[in-house]
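Notes to accompany the following structure.
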Amino acid sequence: MSMPERMMPEIMNGRGSTVANAYLERRFDTFPVHLQLDTLRSHSRSMHTQRGIEINLSLEGDAYYVVGTRVYRQMPGQLMLVPGHLPHQIYVDPSCSYRRAALCIDGEGRSRAMPQWLPLLLQFPRLSVSGCSQMTLPPEKMHAIQASLTSIYDEMNRQHEAGWQQMVVSHAIQLLVLIERSFQAGSESAPVGITAPAGQGFDPAAILDPIEACCQYIHGHLKEDLTLQKIADRFHFSPEHLTRRFKRNKGISLYQYVLRQRVLESKRMLLHEPGMTMTDIAYAVGFGSSQQFSRVFKSVLRTSPSDFRRTGHDGQDKSIPCRTNKA
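Position 212 of the sequence shown, counting from 1, maps to 212 under full-length UniProt numbering, and the rest follow consecutively.
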């Protein structure tokens, strides 16, 4: 049974009354920024609200965030912004650990500490969003945001030193600028949220898992250079871990999967794009030359692209996986 299937009954049955996060309220009364680094295996099941906004960066493992009436899956390298006024809760599969950095900022400006600094924090649009935002960070953005969070953490452990509050706020401002630029650069993805109406369940398979995310990326970027290293970097896997997990999930290697998806797309073009030459199609689906295209096409389908275009039939059509959840 997959993790979504194991966790969904618990998630759906666990939604109940909402409480205020009293601990965070007390922290905000004395300082407008709070950072915690968590390694979680299980968690309190109370939905809660709080002042301001919560910025979650997933570092290791998977978790489910219930925000309002929606469920979001968070994977390593993903950033989620949760408005504090929305009831929310995190669920972690107890069979594995989940590591995250959670930065909470009092967007209401009620903290007694450093009132002169609060306007600088409150001017960022992301602190006033009404809904949940989620993005998959490119590696360079991930590293920059991690560095800012590390600087905040270091300063919050220097409370015996002069100026630590100013340093925390300055690093928080730097972090908010990085996040704002990431959204402006188009890094935001549609949040992988599944609406969960009260009293009703939903199909756990509809939640995107990391390998399905890789496959969707491959489908949309066939023309590009889809190397193992590039895909591993994008989804924050090591190449070795991605290789093992992809093979276990799909039954073929990532390299084979990419080739087969390119052949599938080329079949569609051969039948429905009569104005495209073999070279045009080869480049359009990511092959380096028409010769490579023809060689791979024939090795997979036991017929040449030109013969397939002429007859509409191949010699091994059933061996090509379709773009389904198991393809």
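All C-beta atoms, glycine included, are put in the ideal place defined by N, C-alpha and C. Remember, it's a predicted structure, so these values are computed and weren't measured experimentally.
Next on the checklist: Measuring only the C-alpha atoms, how far is residue 212 from residue 218?
Outcome noted: Working through the sequence shown from its first residue, we reach residue 212 at position 212. Working through the sequence shown from its first residue, we reach residue 218 at position 218. In this structure, the alpha-carbon of residue 212 lies about 10 Å from that of residue 218.
Checklist entry - Is the number of C-beta pairs between the region 19-27 and the region 61-80 that are closer than 8 Å three or more? => result Two segments are said to touch when three or more pairs of C-beta atoms, one from each, lie closer than 8 Å; by this definition the region 19-27 does not touch the region 61-80.
Checklist entry - Three or more C-beta pairs closer than 8 Å, one from the region 142-153 and one from the region 214-234: is that the case here? => result By the Cβ criterion, the region 142-153 is not in contact with the region 214-234, since fewer than three pairs of Cβ atoms, one from each stretch, lie closer than 8 Å.
Item to check | Residue range of the alpha helix (DSSP H) that includes residue 80 | outcome: Locating residue 80 in the sequence shown gives position 80, counting from the first residue. For residue 80, there is no enclosing alpha helix (DSSP H); the enclosing beta strand (DSSP E) has its first and last residue at 78-83.
Checklist entry - Taking only runs of the alpha helix (DSSP H) that begin and end inside the region 219-304, which ones reach a length of at least 4 residues, in chain order? => result Those alpha helix (DSSP H) runs which fall completely within the region 219-304 and span 4+ residues are 228-234, 239-250, 254-272, 278-284 and 290-301.
Checklist entry - Looking at the structure shown, is residue 38 part of a helix, part of a strand, or coil, going by DSSP? => result Residue 38 sits at position 38 when you count from the first residue of the sequence shown. Residue 38 falls in the strand class under three-state DSSP.
Checklist entry - Helix, strand or coil for residue 165 per DSSP? => result By one-based count along the sequence shown, residue 165 stands at place 165. Under the three-state reduction of DSSP output, residue 165 falls in the helix class.
Checklist entry - Quick one, are the C-beta atoms of residue 57 and residue 135 less than 7 Å apart? => result The residue labelled residue 57 in the question sits at position 57 within the sequence shown. The residue labelled residue 135 in the question sits at position 135 within the sequence shown. No. Outside cutoff.
Next on the checklist: I need the boundaries of the beta strand (DSSP E) containing residue 57, first residue and last residue.
Outcome noted: Start at 1 with the first residue of the sequence shown, and residue 57 comes out as number 57. Run containing residue 57: 53-60, per the beta strand (DSSP E) assignment.
Checklist entry - Which stretch, first to last residue, makes up the beta strand (DSSP E) that contains residue 48? => result For the purposes of this step, residue 48 is identified with residue 48 of the sequence shown, where counting begins at 1. Judged by DSSP secondary structure, residue 48 falls within the beta strand (DSSP E) whose first and last residues are 47-49.
Checklist entry - From 257, 221, 158 and 298, pick the residue whose C-alpha is nearest to that of residue 283; which is it? => result Position 283 of the sequence shown holds residue 283. The shortest C-alpha to C-alpha distance from residue 283 to any of 257, 221, 158 and 298 is the one to 221.
Item to check | residue 86 - containing alpha helix (DSSP H), residue span | outcome: Taking the sequence shown and counting its residues from 1, the one referred to as residue 86 is at position 86. Boundaries for residue 86: no alpha helix (DSSP H) harbours it, and the DSSP string shows neither H nor E there.
Item to check | DSSP three-state assignment for residue 104, whether helix, strand or coil | outcome: Along the sequence shown, one-based indexing puts residue 104 at 104. Strand at residue 104.
Next on the checklist: Whole angstroms are fine: how far does the CA of residue 216 sit from the CA of residue 232?
Outcome noted: Indexing the sequence shown from 1 puts residue 232 at position 232. Indexing the sequence shown from 1 puts residue 216 at position 216. Distance between the alpha carbons of residue 232 and residue 216: 14 Å.
Checklist entry - Among 87, 103 and 39, which residue has its Cα nearest to the Cα of residue 28? => result Residue 28 sits at position 28 when you count from the first residue of the sequence shown. Nearest of 87, 103 and 39 to residue 28, Cα basis: 103.
Item to check | Opposing strand residues paired with residue 181 [DSSP bridges] | outcome: Here the question's residue 181 lines up with position 181 in the sequence shown. Per DSSP, none; premise fails for residue 181.
Checklist entry - Three or more C-beta pairs closer than 8 Å, one from the region 260-269 and one from the region 162-170: is that the case here? => result Touching, no, given that fewer than three Cβ pairs across the two stretches are closer than 8 Å.
Checklist entry - Between the beta-carbon of residue 52 and the beta-carbon of residue 107, is there less than 7 Å? => result Reading the sequence shown from its first residue, position 52 is the one you call residue 52. Reading the sequence shown from its first residue, position 107 is the one you call residue 107. A contact, by the Cβ cut-off of 7 Å.
Checklist entry - CA-CA distance, residue 239 and residue 246? => result In the sequence shown, residue 239 corresponds to position 239, counting from 1. In the sequence shown, residue 246 corresponds to position 246, counting from 1. One C-alpha to the other measures close to 10 Å.
Checklist entry - Which first and last residues belong to the alpha helix (DSSP H) in which residue 27 is found? => result What you label residue 27 is simply residue 27 of the sequence shown in a count that begins at 1. Taken as a continuous stretch (DSSP letters only), the alpha helix (DSSP H) holding residue 27 covers 22-30.
Checklist entry - For residue 77 versus residue 236, is the C-beta distance shorter than 7 Å? => result On the sequence shown, residue 77 is found 77 positions in, with the first residue counted as 1. On the sequence shown, residue 236 is found 236 positions in, with the first residue counted as 1. Between residue 77 and residue 236, the gap from beta carbon to beta carbon is short of 7 Å.
Checklist entry - Nearest CA to the CA of residue 308: which residue from 31, 263, 46 and 174? => result Position 308 of the sequence shown, counting from 1, holds the residue named residue 308. With distances taken between Cα atoms, residue 308 lies closest to 263.
Next on the checklist: Short of 8 Å in beta carbon distance, which residues of its chain neighbour residue 97, apart from the five on each side in sequence? Order them along the chain.
Outcome noted: Here residue 97 refers to the residue found at position 97 of the sequence shown. Cβ neighbours of residue 97 beyond the five flanking positions: 39, 40, 41, 60 and 61.
Item to check | Element boundaries [alpha helix (DSSP H), containing residue 151] | outcome: On the sequence shown, position 151 is the one that residue 151 refers to. Counting along the chain, residue 151 sits inside the alpha helix (DSSP H) bounded by residues 139-156.
Item to check | Residue of 143, 30 and 25 minimising C-alpha distance to residue 85 | outcome: What you label residue 85 is simply residue 85 of the sequence shown in a count that begins at 1. Per the C-alpha coordinates, the member of 143, 30 and 25 positioned closest to residue 85 is 25.
Checklist entry - Going straight from the alpha carbon of residue 179 to that of residue 304, what length do you get? => result Stepping through the sequence shown from its first residue, residue 179 is reached at position 179. Stepping through the sequence shown from its first residue, residue 304 is reached at position 304. Between residue 179 and residue 304, the C-alpha separation is close to 49 Å.
Checklist entry - What's the C-alpha gap between residue 241 and residue 65? => result Here residue 241 refers to the residue found at position 241 when the sequence shown is read from its first residue. Here residue 65 refers to the residue found at position 65 when the sequence shown is read from its first residue. Cα to Cα, residue 241 sits roughly 25 Å from residue 65.
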